[in-house]
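To start, the structure itself, in structure tokens.
Number of protein chains: 2
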Amino acid sequence: MPLPLQRGPSLQQVADAAGVHRSTASRALNPATAHLISPEITARIRAASQALGYRRDAMAAGLRTRRSHLVGVLVPDIANPVFGPILSGLESPLKAAGYSLLIVNAGNDATRQAELAEDLIARRVDGIVLATVQRDDPVVTSCLRIGLPIVLVNRAESTARTSSVVSDDVAGMGLSVRHLTALGHCAIGHIAGPPQLSTGLLRRQGFETAMTEAGLDATMISVATGYSREAGLEAAETLLSRHLVTAIAAANDLLALGAYQALARRGLRCPQDVSVVGYNDMPLVDMVQPPLTTIRINPVAMGQDAAALLLGLIDGNTKAMTTRIVNPVFVPRQSTAPPNG
Amino acid sequence: MPLPLQRGPSLQQVADAAGVHRSTASRALNPATAHLISPEITARIRAASQALGYRRDAMAAGLRTRRSHLVGVLVPDIANPVFGPILSGLESPLKAAGYSLLIVNAGNDATRQAELAEDLIARRVDGIVLATVQRDDPVVTSCLRIGLPIVLVNRAESTARTSSVVSDDVAGMGLSVRHLTALGHCAIGHIAGPPQLSTGLLRRQGFETAMTEAGLDATMISVATGYSREAGLEAAETLLSRHLVTAIAAANDLLALGAYQALARRGLRCPQDVSVVGYNDMPLVDMVQPPLTTIRINPVAMGQDAAALLLGLIDGNTKAMTTRIVNPVFVPRQSTAPPNG
DNA sequence: GGTTGTTCGGAAATCGATTGCATGATAGGC
DNA sequence: GCCTATCATGCAATCGATTTCCGAACAACC
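Those sequence lines, one after another, are chains A and B. Using the working numbering, the letters of the first sequence map in sequence onto residues 1 to 341. Using the working numbering, the letters of the second sequence map in sequence onto residues 1 to 341.
As structure tokens, then:
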């Protein structure tokens with residue numbers, strides 16, 4: 001059944017009302033070409049446009065200009081609080097430049113992601129932001145092949161073949177480890193994220209590097225199957241059953257909270273018996289008990305940077321590949337203390 | 001500068017490759033009209049389409065069919081964890097029906113919201129989901145005027161003139177109050193949300209109704225200026241300075257957490273001195289200290305229901321206005337206890 | 001064999017805006 | 001007074017797919 005949606009007036013109708021040709025109306029209404037039309041006529045067309053409540057049809061315009069002014073965004077899970085701020089950061093600069101966001105919940109399955117990316121391409125998006133990227137992602141390959149501007153955010157590939165905005169995961173985990181060693185900890189364990197994600201891998205590398213530099217044992221690592229409390233609980237259980245640690249550096253706040261639960265189960269107190277450091281500084285982790293010491297990334301800034309990069313790419317200014325790195329900062333709270341405290 | 005984006009093949013090229021007219025190719029590729037074309041020809045066209053990697057141009061198709069298969073979503077703040085799950089719930093049914101989401105961060109300013117809605121209309125969205133709605137919203141009026149399908153979610157207007165999906169806020173606050181009275185509380189205060197939002201108003205009404213029914217004083221109310229911890233802290237300070245309460249029913253989890261801070265400042269313990277009940281059951285409120293007793297709404301289900309309603313509206317099946325109410329459930333944790341406990 | 005009916009596929013108009021090119025008018029120069 | 005330069009505007013093609021209308025081909029029937 002066709003919906004009885006009444007459409008607004010077309011450019012033709014505005015032109016008729018103003019007594020000019022539609023091409024003239026088009027030029028008058030487009031800031032870039034308005035100088036071609038005399039002021040009086042422009043005023044008349046403007047008036048007619050206002051009077052009729054004309055709104056230019058973005059689809060029709062896009063068909064002709066081959067520009068949809070749409071940007072596709074692939075996120076693994078919109079409901080995950082990490083991505084909200086990134087989206088928020090992306091939105092304002094893009095909106096200001098006349099772009100709208102086509103946000104897609106892409107999950108973690110590479111095949112599904114590829115399909116959804118195809119959908120976006122069929123919609124003729126002018127660019128794509130990927131927050132889902134695996135360490136070597138087929139979606140990136142297909143975008144690169146057709147020359148579609150693309151920017152990665154939050155996660156990066158193993159080889160740098162696109163512009164991207166990431167947090168310095170290695171350095172961030174270094175902050176975490178050095179804080180613990182400064183407190184006097186020697187037996188420090190790591191709960192790692194999924195190794196197919198750059199954050200999982202890089203934070204683990206950051207842990208190993210920092211521990212080695214400190215001359216400590218860097219092998220007490222337990223890998224979680226995902227970024228969730230359940231996975232963190234499980235990984236922490238494994239870690240605690242195998243090693244005697246006085247501190248845990250987790251790859252993610254949720255993993256750290258899972259570790260809280262594992263400690264509680266074993267009757268261990270945090271931070272008196274075991275210190276815990278998270279990663280991300282999610283909302284509310286300052287209110288948990290004990291308030292979580294963590295590493296803050298700046299997701300809004302990352303979104304904004306990614307938007308700026310993408311706009312450059314779309315306009316063809318920034319041809320070169322650029323990697324922008326946002327520095328994480330250390331946020332001390334009460335989940336860490338000297339050992340045997 | 002024009003971007004050198006190489007487009008995929010057009011339908012014409014597929015038709016040429018298959019040796020048929022482009023109209024034939026169009027019919028063969030469209031499931032609804034494929035029966036008009038003989039199986040052999042269809043197969044040939046399919047093959048050519050595959051070989052060339054043809055993807056139909058959604059913009060061009062939309063121009064002709066007057067259907068963009070785009071749904072606009074206005075949310076006040078994507079970064080707010082409440083909206084993630086709603087978006088997530090919206091997405092799957094709509095995606096399954098071939099729709100993509102145009103999500104817009106609309107803030108709380110009605111003028112800006114109206115502008116953004118205009119943008120969406122110019123993009124010829126097939127429907128709009130409003131999560132921003134004020135109690136009497138101009139955006140609703142303009143959508144209604146042009147006959148654009150619209151569904152409200154989470155917040156509703158004061159008069160029911162559109163389909164909407166809401167949580168039963170009055171009943172939910174009733175759960176909160178009855179839990180407290182059952183524990184023996186008599187001096188119960190309320191931290192209300194902004195009265196221009198339906199959630200703020202209705203939860204307050206729910207509080208007043210339930211208190212009156214219980215024969216208790218329903219006037220110990222402090223109104224917060226927004227849904228944030230800061231606003232909750234402020235409102236709780238006011239409440240505590242004016243009244244002697246043994247329990248607080250807050251209109252929102254963040255307000256409840258603000259109340260935690262206010263209690264701490266005054267040296268009052270929760271729940272021993274003052275019980276606190278939140279609303280929403282946001283992620284992580286089970287990990288704060290004490291774990292927050294709250295009312296769970298089901299935002300994913302609300303999103304899904306809203307999507308179903310909108311699809312009905314778009315297809316013209318559901319002409320009637322429908323209000324769907326999702327029942328909130330009570331979630332007991334450790335922030336409530338009998339008075340003088 | 002002529003007529004009717006059916007099926008399949010082509011021709012062309014259409015959606016609404018943009019833009020290269022053409023045309024008409026006006027001004028200016030000799 | 002004629003020729004050219006300049007400027008404002010109109011004309012028409014175009015983007016890529018959909019869909020209404022038609023014609024051709026073929027079968028069946030009397």
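Idealized CB from N, CA, C, for every residue including glycine.
Going by the CB atoms, is the gap between residue j and residue i shorter than 9 Å?
{"i": "B/V125", "j": "B/L70", "result": "yes"}
{"i": "B/G107", "j": "B/P76", "result": "yes"}
{"i": "A/V151", "j": "A/T162", "result": "yes"}
{"i": "A/A256", "j": "A/G193", "result": "no"}
{"i": "A/G189", "j": "A/L233", "result": "no"}
{"i": "B/L310", "j": "B/L74", "result": "no"}
{"i": "A/L263", "j": "A/V276", "result": "yes"}
{"i": "A/L197", "j": "A/R229", "result": "no"}
{"i": "A/F207", "j": "A/A236", "result": "no"}
{"i": "B/Q334", "j": "B/P291", "result": "yes"}
{"i": "A/Q289", "j": "B/V288", "result": "yes"}
{"i": "A/V331", "j": "A/V166", "result": "no"}
{"i": "A/T199", "j": "A/D169", "result": "yes"}
{"i": "A/L101", "j": "B/L216", "result": "no"}
Taking its Cβ as the centre, do 16 or more other Cβ atoms sit within 10 Å of residue i, making it buried, or is it exposed?
{"i": "A/M321", "result": "exposed"}
{"i": "B/S38", "result": "exposed"}
{"i": "A/R269", "result": "exposed"}
{"i": "A/M1", "result": "Caution is warranted here: a pLDDT of 37 is assigned to A/M1, below 50, making its placement in the model unreliable, and the coordinate value is therefore given only provisionally. Result: exposed."}
{"i": "A/V82", "result": "buried"}
{"i": "B/E115", "result": "exposed"}
{"i": "A/P138", "result": "exposed"}
{"i": "B/V329", "result": "exposed"}
{"i": "B/I146", "result": "exposed"}
{"i": "B/N105", "result": "buried"}
{"i": "B/E213", "result": "exposed"}
{"i": "A/L144", "result": "exposed"}
{"i": "B/A224", "result": "buried"}
{"i": "B/G19", "result": "exposed"}
{"i": "A/R7", "result": "exposed"}
{"i": "A/R195", "result": "Correcting the residue type first, residue 195 of chain A is Pro in the shown sequence and not Arg. Exposed, since its Cβ has fewer than 16 Cβ neighbours within 10 Å."}
{"i": "A/H35", "result": "exposed"}
{"i": "B/R203", "result": "buried"}
{"i": "A/H21", "result": "exposed"}
{"i": "A/T33", "result": "exposed"}
On the DSSP bridge list, what partners appear for residue i?
{"i": "A/S167", "result": "A/V326"}
{"i": "A/N105", "result": "A/V75"}
{"i": "B/H190", "result": "B/I221 and B/A249"}
{"i": "B/N280", "result": "B/R296"}
{"i": "B/S275", "result": "B/A247"}
{"i": "A/S100", "result": "A/L70"}
{"i": "A/I150", "result": "A/I128"}
{"i": "B/V288", "result": "A/V288"}
Closest to residue i by CA distance: which of the options is it?
{"i": "B/V129", "options": "B/I314, B/T336, B/V329 and B/V326", "result": "B/I314"}
{"i": "A/P149", "options": "A/P338, A/A308 and A/R296", "result": "A/A308"}
{"i": "B/L201", "options": "B/G278, B/E157 and B/E115", "result": "B/E157"}
{"i": "A/V177", "options": "A/P299, A/E91 and A/T293", "result": "A/T293"}
{"i": "A/S23", "options": "A/I45, A/V288 and A/R7", "result": "A/I45"}
{"i": "B/L52", "options": "B/A17, B/D273 and B/A218", "result": "B/A17"}
{"i": "A/Q134", "options": "A/D119, A/I121 and A/R155", "result": "A/R155"}
{"i": "B/A187", "options": "B/L120, B/A247, B/Y99 and B/R296", "result": "B/A247"}
{"i": "A/N340", "options": "A/V288, A/A249 and A/V245", "result": "A/V245"}
{"i": "B/L90", "options": "B/M220, B/G62, B/Q304 and B/T199", "result": "B/Q304"}
{"i": "B/S164", "options": "B/A306, B/P299, B/S10 and B/S26", "result": "B/A306"}
{"i": "A/R67", "options": "B/A47, B/T219 and B/R123", "result": "B/R123"}
{"i": "B/A60", "options": "B/T33, B/S10 and B/G84", "result": "B/S10"}
{"i": "A/I295", "options": "A/S49, A/T209, A/Y279 and A/D286", "result": "A/Y279"}
{"i": "B/R55", "options": "A/G172, A/D119 and A/T141", "result": "A/D119"}
{"i": "B/S241", "options": "B/S222, B/A97 and B/G258", "result": "B/S222"}
{"i": "B/L175", "options": "B/M302, B/Q13 and B/A210", "result": "B/A210"}
{"i": "A/A171", "options": "A/Q205, A/G184, A/V153 and A/T181", "result": "A/Q205"}
Just to confirm, does residue i get its C-beta within under 8 Å of one of the non-hydrogen atoms of the ligand GDP?
{"i": "A/N154", "result": "Absence of the ligand GDP is noted for the structure shown, with no ligands found whatsoever."}
Counting only runs of 4+ residues fully inside the segment 3 to 48 of chain A, write out the alpha helix (DSSP H) ranges in chain order. 11 to 18 and 22 to 29
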